[in-house]
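Trainee: Residues 2 to 202 (my numbering) are what the sequence shown spells out, left to right. Backbone N, C-alpha and C fix where the C-beta goes; we use that ideal spot for every residue, glycine too. Since we're looking at a predicted model, the values are computed, not measured. Below is a structure I'd like to ask you about.
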Amino acid sequence: EGLDIDATDYLDITKMDIAARIDLSSYDTDRDSNRYLSYIKGRVGRKVADFFLDFLQADVGLDTKQQNQVLMQAVEDFCADSKLEKQEANEYKKQVYNYCNEQIKSGDEVQISELSGELPPSQDGTSFMDFTKEQGYELEESFPGDRSTVRKLTKYVGAGGGLNISFDSLLLGERIFYDPETDTLTIKGTPPNLKDQLSRN
Numbered sequence: 002e003g004l005d006i007d008a009t010d011y012l013d014i015t016k017m018d019i020a021a022r023i024d025l026s027s028y029d030t031d032r033d034s035n036r037y038l039s040y041i042k043g044r045v046g047r048k049v050a051d052f053f054l055d056f057l058q059a060d061v062g063l064d065t066k067q068q069n070q071v072l073m074q075a076v077e078d079f080c081a082d083s084k085l086e087k088q089e090a091n092e093y094k095k096q097v098y099n100y101c102n103e104q105i106k107s108g109d110e111v112q113i114s115e116l117s118g119e120l121p122p123s124q125d126g127t128s129f130m131d132f133t134k135e136q137g138y139e140l141e142e143s144f145p146g147d148r149s150t151v152r153k154l155t156k157y158v159g160a161g162g163g164l165n166i167s168f169d170s171l172l173l174g175e176r177i178f179y180d181p182e183t184d185t186l187t188i189k190g191t192p193p194n195l196k197d198q199l200s201r202n
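Below, the structure written as structure tokens:
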């Protein structure tokens with residue numbers, strides 16, 4: 002009884018090319034916030050996205066990509082400043098990557114204080130959070146993680162001129178060698194599936 006079928010309207014966010022969301026509660030409680038307006042732009046291209054921002058009469062308050070890039074630079078600088086060995090630096094970066102990746106998966110933002118609490122301090126006892134403040138990195142307390150940016154903590158990735166290269170950072174200096182003078186990348190031990198394709202030609 003009562004098992005009637007009704008039509009239901011819903012928004013398929015994944016199919017939207019461009020849309021804006023206004024958090025009225027956030028705007029009402031904090032007029033100085035730069036987070037109450039967010040938008041998705043899909044694959045519409047930069048010109049359309051810029052036009053959309055102009056249409057909304059909005060300025061970029063939080064550049065998520067830029068925040069992630071600043072975080073990556075801070076991690077690199079912290080490892081260098083702490084004089085970590087290559088393996089130690091790779092482990093440190095992997096910890097940062099694992100934290101950021103879990104936040105992205107769960108839909109939560111990267112919290113700098115929380116991240117810092119999971120990382121070991123430098124030899125002089127400086128925490129990662131204190132380091133970012135002392136060195137003047139302009140990082141928000143929290144921001145959405147960007148998967149393509151944080152991935153570079155554990156991988157070298159590049160594409161162009163018909164090439165698409167990606168490899169674990171641990172392999173640099175072991176199986177993969179880069180000569181900056183000749184701009185040459187040498188790979189020792191190619192993957193079996195690639196080797197098979199190459200041997201056919």
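Alpha carbons only, please: which of K153, E89, Q124, I105 is nearest the one belonging to V71?
Mentor: Of K153, E89, Q124, I105, the residue nearest in Cα terms is K153.
Trainee: From P181 to Y157, what distance separates their C-alpha atoms?
Mentor: Distance between the alpha carbons of P181 and Y157 is about 15 Å.
Trainee: Look at Q88 and E119 and say whether their C-beta atoms are less than 8 Å apart.
Mentor: Contact: no.
Trainee: Checking 8 Å against the spacing of the C-beta atoms, do S83 and Q124 come in under that value?
Mentor: Yes. Within cutoff.
Trainee: From Y138 to Y37, what does the alpha carbon distance come to, in whole angstroms?
Mentor: Distance between the alpha carbons of Y138 and Y37 is about 23 Å.
Trainee: Mind checking D147: buried by the 16 CB within 10 Å criterion, or exposed?
Mentor: Buried.
Trainee: Round the Cβ separation of T155 and D169 to the nearest angstrom and send it over; I've been treating them as touching at under 8 Å.
Mentor: The pair is a contact, with the Cβ atoms about 6 Å apart (cut-off 8 Å).
Trainee: Exposed or buried, what is K94 when buried is set at 16 or more other beta-carbons lying within 10 Å of its beta-carbon?
Mentor: By the 10 Å Cβ count, K94 comes out buried.
Trainee: Are there 16 or more other CB atoms within 10 angstroms of the CB of T30, so buried, or fewer, so exposed?
Mentor: Per the 10 Å Cβ criterion, exposed.
Trainee: What three-state label does DSSP hand R22 in the structure shown?
Mentor: If DSSP states are grouped into helix, strand and coil, R22 belongs with the strands.
Trainee: Under three-state DSSP, which class holds A90?
Mentor: In the structure shown, A90 sits in a helix (DSSP, three-state: H, G or I).
Trainee: Take the Cβ of T133 as the centre, count every other Cβ of all protein chains shown within 10 Å, and call the residue buried at 16 or more, exposed below.
Mentor: T133 should be labelled buried.
Trainee: Short check: CB of S117 to CB of S107, under 8 Å?
Mentor: Their beta carbons are not under 8 Å apart, which means S117 does not touch S107 by this criterion.
Trainee: Just verifying my parser: in three-state terms, what is the DSSP assignment at G118?
Mentor: If DSSP states are grouped into helix, strand and coil, G118 belongs with the helices.
Trainee: Taking the CB atoms as reference points, tell me whether N102 and V151 lie closer together than 8 Å.
Mentor: Cβ atoms of N102 and V151: closer than 8 Å.
Trainee: Name the DSSP beta bridge partners of Y157, please?
Mentor: Partner(s): F168.
Trainee: So the candidates are N91, S39, A20, I19; which of them puts its Cα closest to the Cα of S27?
Mentor: Looking at the Cα atoms, S39 is the closest of the given residues.
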